[in-house]
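Those protein sequences? They're chains A and B, same order as listed. Letter by letter, the first sequence follows residues 1 to 336 in this note's numbering. Letter by letter, the second sequence follows residues 1001 to 1336 in this note's numbering. Please read the structure below before turning to the comments.
2 protein chains.
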Amino acid sequence: MAAATIKDVAREAKVSVASVSRALNDGRGVTAETSQRIRDAASRLRYVPHAAARTLITRRTNTIGALLPDLYGEFFSELIRGIDLAARARGLHLLVSSSHDDADAAAAALRAMQGRVDGLLLMSPHADAAFLQQNLPHDLPTVLMNTRLAGADYCALSVDNDGGARLMVEHLLALGHRRIVFIQGPSGNRDAAERELGYREALASHSPDSPAIVLHGDFSEESGYRAGQQVLALRPRPDAVFAANDMMAIGCMAALRDAGICVPEEIAISGFDDVPMARYVTPPLTTIQVHIAELGSQAMELLGEQIDNPDTVMAGTHRRVNAELVVRVSSGAPLV
Amino acid sequence: MAAATIKDVAREAKVSVASVSRALNDGRGVTAETSQRIRDAASRLRYVPHAAARTLITRRTNTIGALLPDLYGEFFSELIRGIDLAARARGLHLLVSSSHDDADAAAAALRAMQGRVDGLLLMSPHADAAFLQQNLPHDLPTVLMNTRLAGADYCALSVDNDGGARLMVEHLLALGHRRIVFIQGPSGNRDAAERELGYREALASHSPDSPAIVLHGDFSEESGYRAGQQVLALRPRPDAVFAANDMMAIGCMAALRDAGICVPEEIAISGFDDVPMARYVTPPLTTIQVHIAELGSQAMELLGEQIDNPDTVMAGTHRRVNAELVVRVSSGAPLV
DNA sequence: GGCGGCAACGTAAACGTTTTCATGGCGAGT
DNA sequence: ACTCGCCATGAAAACGTTTACGTTGCCGCC
């Protein structure tokens, strides 16, 4: 029993294939009763339109592609969840290609998506201008996510690292902390750089006499631990530490604990990301939460708009998704 | 500039479309030099075959679908990673549909995949026999993952909860613990039920005089905390606690700590899953690690075999992916 | 030298839709 | 009553491939 085609339905309902197509799509140009007869015949035969045949003529796949780097844990799941939800709401399918870690693999994956998708969600560390120019079919609607490229040629979306960092510094300042250390992320990492920028900006604008004190780190817990040891050696001793991510904050906290320093009474600590673990460490970590799912769904929305109106040029549109302050014990805020 | 078609390439290379198709696919029936000329023309025009047109005639989409429930965190990412890697190795694309939490949504998603995929990876709490019979196109190769259905009609793959739980109980017994409490997962959850079964089996076969002591829980940290309080009230007091997942183990550990009980000196604790947090709690949690990525890639392998040889019936094949004991401090094992 | 066979290549059908255009019927307006 | 126009319906083209089948030319063999 091969799958039923539109011809089978037409024969069953004693009409032409054209009428079947009309009845099952917009439904205009067909009498109510013939339409009903056709629907009955279709469901009787369990007819489901052949997607490829439809694509061939309509030039639409009703599918969008997501090209992602090698991602771990919470971030990836949340991102996909957001994308998937928004895509489903628009009746679109989701073709994902993940875990390609070099530029060649990404380019190959990109080529392979050609013609299988109506639009592309692209997040790739290799996505510089040249790469895009070379590999991206320029008539394909695309939204860049968290790429280092802020260029005006593409539509982009990224998390507001800058704003999040500013929020955190303002929070620490409001609590009375004045000497605030920042622990950097790996050099070359864009998120890390933006967070540092936000730290410096907030400090400069809200507390010009507070020095910017920056220690090295690479997002790993160990580097946070080492930074914590350096913090202890600083004179005068800092009031607070703001790590570029939670894992470093946790490592730093361990270093302070090992040295007998009380957090947050003697030194406040805060991180960035709000990983699930952040609320479980002792003391619970004050941090910045980013709604990753929202990043995904907003990107999908943006892409959807581009697909629906291909003529209105949206290149250069650049949105940011908000970051939110999550106050817990480690920053020394009075509990309410 | 619309995308180049095979006709354009044919014109450019001054051959017929048939020769282009031959040269670009198997390459037989075409002279070496014409073949080269065709390839040149193709790359000059940036020709990439129209996937839908090809699908229409070959009846193959080179895509597999993954239908997943609403999944969180690590599990989802690892699963997708495993699937994606194995699929890419076979030159297949991955269409995912996730986050459908009721049976109707799952059925709709399943219908929508009709004809877009060559095979299906299905993990759904709603996938009972009736649901599958009703919604699954029976000529579509399918692999069931972690479904409650062990029936012989489908090809299936699941994690060895049973074996993992046995490993843990044997570990605890080997350390000299005799009164081992088990904290259940939510009722109706298949993973939880299998873990409990493994606990009971191991206890019965290795230490028949040890009683099976089972407390209620629902996988949440809070339920673990409550179970921990019940543990404290038991007389004689248990040696060890084996929670059906890590979060409950962590909750239980908190309850014991709050009561001033030392872990593992007075009571050993262990969990299941090896969530990232497990190594960071104090003391670090002994648990069972499941290679989720392997679950994904093995499922993909199984599906690939089904697709490649559609005639050999593989229904009823049922494999399990191993679970592994991860010994940390919380079980009281001597450190090496 | 004619003929069979084989290899390279071209022609055209087929896949299952959507959509344009043609056709017929029927109601309304004069 | 005749015609105009609209509306439901059908016929057929088109989308871009693959592939079965025909055609051509060439080589070798009798």
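From the three backbone atoms N, C-alpha and C, an ideal C-beta is built for every residue, glycine too. Treat the numbers as computed from the prediction; the structure is a model and nothing was measured.
Assess contact between the region 158 to 170 of chain A and the region 312 to 325 of chain A, defined as three or more Cβ pairs (one per stretch) separated by less than 8 Å. Is contact present?
yes
For a contact meaning CB atoms closer than 7 Å, what does Phe76 (chain A) contact in chain B?
Ser1077
Using the Cα positions of Ser1099 (chain B) and Ala87 (chain A), report the straight-line distance between them to the nearest angstrom.
12 Å
Cβ pair Leu95 (chain A), Arg116 (chain A) closer than 8 Å:
Their beta carbons are under 8 Å apart, which means Leu95 (chain A) touches Arg116 (chain A) by this criterion.
Out of A:Ser270, A:Gly296, A:Pro276, A:Val313, which has the shortest C-alpha to C-alpha gap to Arg328 (chain A)?
Looking at the Cα atoms, A:Ser270 is the closest of the given residues.
Exposed or buried, what is Ser43 (chain A) when buried is set at 16 or more other beta-carbons lying within 10 Å of its beta-carbon?
exposed
Does Arg257 (chain A) come within less than 8 Å of chain B when only Cβ atoms are used?
no
Using the rule of at least 16 other Cβ atoms within 10 Å of the residue's Cβ for burial, across every protein chain shown, is Arg1054 (chain B) buried or exposed?
Within a 10 Å sphere around the beta-carbon of Arg1054 (chain B) sit 16 or more other beta-carbons, which makes this residue buried.
Taking 8 Å as the cut-off, decide whether the C-beta atoms of Leu337 (chain A) and Gln298 (chain A) are in contact.
Coverage of chain A is limited to positions 1 through 336, which leaves residue 337 (chain A) absent and any answer about it impossible.
Who are the near neighbours of Thr34 (chain A) in its chain, counting only those whose CB is closer than 8 Å to its CB and skipping five residues on each side?
So the qualifying residues of the chain are Ala13, Val15, Ser19, Ala23.
Take the Cβ of Thr63 (chain A) as the centre, count every other Cβ of all protein chains shown within 10 Å, and call the residue buried at 16 or more, exposed below.
Buried is the call here.
How would you list, in chain order, the residues of chain A whose beta-carbon sits under 9 Å from the beta-carbon of His1291 (chain B)?
Counting only Cβ-Cβ distances below 9 Å, His1291 (chain B) has no contacts in chain A at all, with the closest Cβ about 15 Å away.
When DSSP labels each residue in this structure, what does Thr1063 (chain B) get in the three-state scheme?
strand
Can you pull the chain A neighbours of Tyr1072 (chain B), defined as C-beta to C-beta under 7 Å?
Ser77, listed in chain order.
Using a cut-off of 8 Å between C-beta atoms, extract the partners of Asp1084 (chain B) located in chain A.
Val96, Ser97, Ser98, Ser99
Give me whichever residues DSSP pairs with Gln289 (chain A) in a beta bridge.
A:Asp273, A:Glu324
In DSSP terms, what Arg200 (chain A) is bridged to
Arg200 (chain A) pairs with nothing; no bridge assigned.
Beta strand (DSSP E) segments (min. 3 residues) lying fully within the region 1095 to 1139 of chain B:
1119 to 1122
Going along the chain, which residues of its own chain have a beta-carbon closer than 8 Å to the beta-carbon of Ala293 (chain A), five neighbours each way excluded?
Glu78, Leu79, Arg81, Gly82, Leu85
Alpha carbon to alpha carbon, what distance is there between Pro238 (chain A) and Ala1291 (chain B)?
Here residue 1291 (chain B) is His; the residue named in the question, Ala, does not match the sequence. Rounded to whole angstroms, His1291 (chain B) to Pro238 (chain A) spans 43 Å at the Cα level.
Using a C-beta cutoff of 8 Å, does Gln1114 (chain B) count as contacting chain A?
yes
Mind checking Ile1057 (chain B): buried by the 16 CB within 10 Å criterion, or exposed?
exposed
First and last residue of the uninterrupted alpha helix (DSSP H) at Phe1075 (chain B)
1073 to 1089
Less than 8 Å between the C-beta atoms of Thr1142 (chain B) and Gly1119 (chain B), yes or no?
yes
When we look at the beta-carbon of Arg1226 (chain B) and count the other beta-carbons within 10 Å, is it buried (16 or more) or exposed?
By the neighbour-count rule (16 or more Cβ atoms within 10 Å), Arg1226 (chain B) is buried.
Buried versus exposed call for Leu1122 (chain B) [16 or more other C-beta atoms within 10 Å across all chains shown]
buried
Who are the Cβ neighbours of Ser1210 (chain B) in its own chain at under 6 Å, not counting the five residues just before and after it?
Arg1178, Leu1203
List, in chain order, every chain B residue whose beta-carbon is nearer than 7 Å to that of Pro125 (chain A).
The premise fails here: Pro125 (chain A) is roughly 17 Å from chain B at the closest Cβ pair, so nothing lies under 7 Å.
So with Cβ pairs under 8 Å, would you call Tyr1047 (chain B) a contact of chain A?
For Tyr1047 (chain B), the answer is no, since every Cβ of chain A falls outside 8 Å of its Cβ.
Got a sec, what are the start and stop residues for the beta strand (DSSP E) Val159 (chain A) sits in?
155 to 159
Residues of its chain near Ala212 (chain A), where Cβ-Cβ distance is below 6 Å and the 5 sequence neighbours each way are ignored:
Arg200, Leu203
Lys1145 (chain B) bridges to which residues according to DSSP?
For clarity, residue 1145 (chain B) is Met in the given sequence; the question names Lys instead. For Met1145 (chain B), which the question treats as bridged, DSSP gives the partners B:Leu1157.
Would you mind telling me which residues of chain A sit closer than 9 Å to Ile1213 (chain B), beta carbon to beta carbon, in chain order?
Under the 9 Å cutoff, chain A gives no residues; its nearest Cβ is about 27 Å from Ile1213 (chain B).
I need the boundaries of the alpha helix (DSSP H) containing Leu24 (chain A), first residue and last residue.
Here the alpha helix (DSSP H) through Leu24 (chain A) covers 17 to 24.
For Leu215 (chain A), does the three-state DSSP call read helix, strand or coil?
strand
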